[in-house]
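These protein sequence lines are chains P and G, in that order.
Sequential numbering of the first sequence, starting at 1400, is according to the working numbering.
Sequential numbering of the second sequence, starting at 11, is according to the working numbering.
Each residue gets a CB set at the ideal place from its N, CA and C atoms; glycine is no exception.
Single-structure report; data block below.
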Amino acid sequence: MVSMKLCALVLAALLPGFAASTGPAKGQGFGSPNAPILIEVFSDFECPGCKLFHTQFRPLLVRDYVTVGKVYLVAHDLSFHAHSNEATAYALAAARIGKYDEVADALYEHQTEWSASGKVWDTVAAVLSPAEQKKVSALAKDPGVLAEVKSETDDGKTKIQRTPTILVIRGMKQYRFEGSPKWEIFRDWLNELLTK
Amino acid sequence: MNFSQSKTWRWLALALRIVLGAIFIYAAYLKLHESWRLFAMDIDAYGVLPSNGIWLELVARTLPWLEAALGVWLIAGFWLRGSATLAAAMMLGFIGLMTWARLKGLNINCGCFGTGEKISWITMLRDGSLLAAALLLAVGSHCGRRRARIEEETA
């Protein structure tokens, strides 16, 4: 009786750990979580390769796979560069008011400018209304958002060595790509993976 | 060294054949049990073949089978001069490509043993060792054959 209670206690203590190890760590999710393939993308707003991924590769992935329920895309924004910490804070703050896409797109599009000048807020503010600017500016200083920025980066450091890194997970198998592979070959491979 | 008659050489050659052959078969297996397109993406990253031509698909589909065949021939000792020479040429090609990629500053996968392994000094050292082994086998089998021919002619 005592040993059964002890087992139950041990299991209860371990359960949160099991739950945490089965799905992707936080990040911004796009598409259906029930999609057969999970793609996790680890990127940094200030990384040139990530800009290439975001502006050329990602739109095709979203159009052909995410919106049709074949892929669940999770974006992890990491802070490895001088100004990317601030950029990530604004992006995650914007996510809280449903403006993540707009802010992320703007940050990548004007990456060269704000990376050189350090004026991240100017880029972010340009795509937000005055009311939204107020909210995002306040949320970017919120301890919860700052903690999320830190935890994403810390978690990313344990999983990847450079950005962008794409993890494709289908069942028990995981495939890792560093940088953006050629879309046509990746697409055909993804189609093949979907048939398995 | 008398390659054809030395007992030491024979044992060394046998060990080299088995180890090299097994490594080639393992490398082939890792590529063949996944889609050829994964290997194609690794090859494409080197930027030496056109991405949308037939060459990329041809190399991605056939190179692993060539590796497997070489591995089997080396272990079996079949056509040793040819298979060892081919193995050495292949390793030389791989190392040449990796060196070129490093000099260009490309941070890409080696493509040696499936996907996900970056080119590094470790991969180059490893492949360099395989090249040395293949060269030794190739030279040894050529010299052994030459000596056997000379002995036939003088007999």
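Whether residue i touches residue j by CB criterion (7 Å)
| i | j | result |
| --- | --- | --- |
| P/Val1548 | P/Ala1488 | yes |
| P/Val1473 | P/Ile1436 | no |
| P/Ile1568 | G/Arg47 | no |
| P/Thr1562 | P/Cys1446 | yes |
| P/His1475 | P/Phe1441 | yes |
| P/Glu1591 | G/Ser45 | yes |
| G/Cys153 | G/Thr133 | no |
| G/Ile33 | G/Ile85 | no |
| G/Ala70 | G/Phe104 | no |
| P/Phe1429 | P/Ser1579 | no |
| G/Met100 | G/Asp137 | no |
| P/Leu1477 | P/Thr1552 | yes |
| G/Leu5 | G/Gly115 | Since the first residue of chain G shown is 11 and the last is 165, residue 5 of chain G is not available in this structure. |
| P/Leu1566 | P/Gln1560 | no |
| G/Leu59 | G/Leu66 | yes |
| G/Pro74 | G/Leu42 | yes |
Presumed contact (8 Å Cβ cut-off) between residue i and residue j, rounded CB distance
| i | j | result |
| --- | --- | --- |
| P/Phe1452 | P/Leu1506 | Incorrect: roughly 13 Å between the Cβ atoms, too far for contact. |
| G/Ala94 | G/Ala144 | 6 Å |
| G/Asp54 | G/Ser61 | 5 Å |
| G/Gly81 | G/Ala38 | 6 Å |
| G/Gly126 | P/Arg1575 | 5 Å |
| P/Gly1426 | P/Glu1439 | 7 Å |
| G/Leu30 | G/Ala111 | About 24 Å; that fails the 8 Å criterion. |
The alpha helix (DSSP H) enclosing residue i, as first and last residue numbers
| i | result |
| --- | --- |
| P/Ile1584 | Trp1582 to Thr1594 |
| P/Arg1495 | Neither: P/Arg1495 is in no alpha helix (DSSP H) and is coded neither H nor E. |
| G/Phe34 | Lys17 to Leu42 |
| P/Ser1514 | Gln1510 to Ser1516 |
| G/Phe104 | Leu90 to Leu113 |
| G/Phe49 | Trp46 to Tyr56 |
| P/Cys1449 | Pro1447 to Leu1451 |
| P/Thr1454 | No alpha helix (DSSP H) contains P/Thr1454, which DSSP labels as neither H nor E. |
| G/Ala70 | Ile64 to Ala86 |
Residue i versus residue j - alpha carbon distance
| i | j | result |
| --- | --- | --- |
| G/Gly106 | P/Met1571 | 35 Å |
| G/Trp89 | G/Ala142 | 19 Å |
| G/Gly150 | G/Thr18 | 12 Å |
| P/Thr1421 | P/Ala1546 | Annotation note: pLDDT 41 at P/Thr1421 (below 50); position unreliable, coordinate value reported separately. The alpha-carbon atoms of P/Thr1421 and P/Ala1546 are separated by roughly 22 Å. |
| P/Pro1423 | P/Ser1431 | Here the model assigns P/Pro1423 a pLDDT of 49, short of 50, so the residue's position is not dependable, and the following value carries that caveat. Rounded to the nearest angstrom, the two C-alpha atoms are 13 Å apart. |
| P/Asn1484 | P/Val1535 | 15 Å |
| G/Leu147 | G/Arg91 | 8 Å |
| P/Ala1486 | P/Ala1503 | 9 Å |
| G/Gly57 | G/Ile160 | 47 Å |
| G/Ser130 | G/Thr109 | 10 Å |
| P/Gly1468 | P/Lys1595 | 16 Å |
| G/Ile118 | G/Ser16 | 43 Å |
| P/Asp1587 | G/Ala158 | 53 Å |
| P/Val1544 | P/Leu1538 | 7 Å |
| P/Phe1479 | G/Leu76 | 42 Å |
| P/Trp1582 | P/Leu1589 | 10 Å |
| P/Thr1454 | P/Val1461 | 11 Å |
| P/Asp1554 | P/Gly1517 | 25 Å |
| P/Trp1513 | P/Val1526 | 14 Å |
| P/Asp1500 | G/Cys122 | 38 Å |
| G/Glu163 | G/Ala25 | 31 Å |
| P/Trp1520 | P/Asp1463 | 32 Å |
| P/Leu1533 | P/His1509 | With the sequence shown as reference, residue 1533 of chain P is identified as Lys, and Leu is not the correct amino acid for it. So the two alpha carbons sit approximately 21 Å from each other. |
| P/Lys1540 | P/Ala1524 | 15 Å |
| P/Gly1497 | P/Ala1490 | 10 Å |
| G/Leu22 | G/Thr72 | 30 Å |
| P/Leu1459 | P/Lys1450 | 14 Å |
Range of the contiguous beta strand (DSSP E) that encloses residue i
| i | result |
| --- | --- |
| P/Gln1573 | Lys1572 to Glu1577 |
| P/Asp1443 | Ile1436 to Asp1443 |
| P/Ile1559 | P/Ile1559 -> no beta strand (DSSP E), and no H or E assigned at all. |
| P/Tyr1471 | Val1470 to Leu1477 |
| P/Leu1527 | P/Leu1527 -> no beta strand (DSSP E), and no H or E assigned at all. |
| G/Phe123 | No beta strand (DSSP E) contains G/Phe123, which DSSP labels as neither H nor E. |
| P/Gly1428 | Gln1427 to Phe1429 |
| P/Thr1564 | Thr1564 to Arg1569 |
7 Å Cβ cutoff, residue i in contact with chain B
| i | result |
| --- | --- |
| G/Ser151 | Protein chains in the displayed structure are P and G, and chain B is not among them. |
TODO: Closer than 8 Å, Cβ to Cβ, to anything on chain P: give me those residues from the segment 44-58 of chain G, in chain order.
DONE: Ser45, Arg47, Leu48, Ala50, Met51, Asp54 and Ala55
Task: Where the segment 1429-1447 of chain P meets chain G: residues whose CB sits under 7 Å from a CB there - done: none
- [ ] Note down, in chain order, all residues in the segment 1567-1585 of chain P with a beta-carbon under 8 Å from any beta-carbon belonging to chain G.
- [x] Tyr1574, Arg1575, Phe1576, Glu1577, Gly1578, Pro1580, Lys1581, Glu1583, Ile1584 and Phe1585
Open item on the list: Against chain G, which members of the segment 1554-1565 of chain P pass a CB distance test of less than 9 Å?
Closed with: Gln1560 and Arg1561
Task: Residues of the segment 1493-1512 of chain P whose Cβ lies closer than 8 Å to any Cβ of chain G, in chain order - done: none
- [ ] Can you give me, in chain order, the residues of the segment 116-128 of chain G that have a beta carbon less than 8 Å from any beta carbon in chain P?
- [x] Asn117, Ile118, Asn119, Thr125, Gly126 and Lys128
- [ ] Anything in the segment 1460-1478 of chain P with a Cβ closer than 7 Å to a Cβ of chain G? List those residues in chain order, please.
- [x] none
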